[in-house]
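If you read the sequence shown in the working numbering, its first letter stands for residue 63, the second for the next number, and so on.
Heads up, the beta-carbon is just placed ideally off N, CA and C, and yes, glycines get one too.
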Amino acid sequence: MITVTLRAVEVQAASSIGLKREALRRERGKSKDFSVLDKGGSNDQRNALGCLAEYALAKYYGKDVLRDWCETKAFSTQHHLIPCDVGKNLHVRATKYPNGRLIAHPYDPD
Numbered sequence: 063m064i065t066v067t068l069r070a071v072e073v074q075a076a077s078s079i080g081l082k083r084e085a086l087r088r089e090r091g092k093s094k095d096f097s098v099l100d101k102g103g104s105n106d107q108r109n110a111l112g113c114l115a116e117y118a119l120a121k122y123y124g125k126d127v128l129r130d131w132c133e134t135k136a137f138s139t140q141h142h143l144i145p146c147d148v149g150k151n152l153h154v155r156a157t158k159y160p161n162g163r164l165i166a167h168p169y170d171p172d
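Here's what the structure looks like:
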């Protein structure tokens, strides 16, 4: 297992991005995402966790990937047009459970 340590300011920034994504989703009148199948926690919490996971992976791959994530993917209002979550082909899933099951959606690339 690879461990990526985020500083407090990074956790705060990534979590804020997740909360902003959820607010944008609500503004656009989008229904709840598939993550609501998870029992416990709010969409705000799940979006914050997802952004933390994306940020950590981008940080692991280096400053150029992290910059790309921050500039083009983190705040996109057309997330469905972005081919992946991080880098050129990385899709990120996260769970708060140590033995949790992550959902692959039919529209997710292999």
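| Query | Result |
| --- | --- |
| Contact check, residue 120 vs residue 127, beta carbons under 9 Å | yes |
| Residue range of the unbroken alpha helix (DSSP H) whose run includes residue 85 | 70-89 |
| Spatially closest choice to residue 158 from 114, 83 and 72, by CA coordinates | 114 |
| Local Cβ density within 10 Å of residue 80, reported as buried at 16 or more and exposed below that | buried |
| One or two residues paired with residue 148 in a DSSP bridge | 152 |
| Supposed contact pair residue 116 and residue 154 - C-beta distance, whole angstroms, cut 8 Å | 5 Å |
| Residues of its chain near residue 68, where Cβ-Cβ distance is below 8 Å and the 5 sequence neighbours each way are ignored | 76, 114, 117, 118 and 121 |
| Alpha-carbon spacing of residue 164 relative to residue 156, whole angstroms | 7 Å |
| Run of the alpha helix (DSSP H) containing residue 159, from where it starts to where it stops | Residue 159 -> no alpha helix (DSSP H), and no H or E assigned at all. |
| Residue 114, DSSP secondary structure in three states | helix |
| Best match in 106, 73 and 74 for proximity to residue 87 [C-alpha to C-alpha] | 106 |
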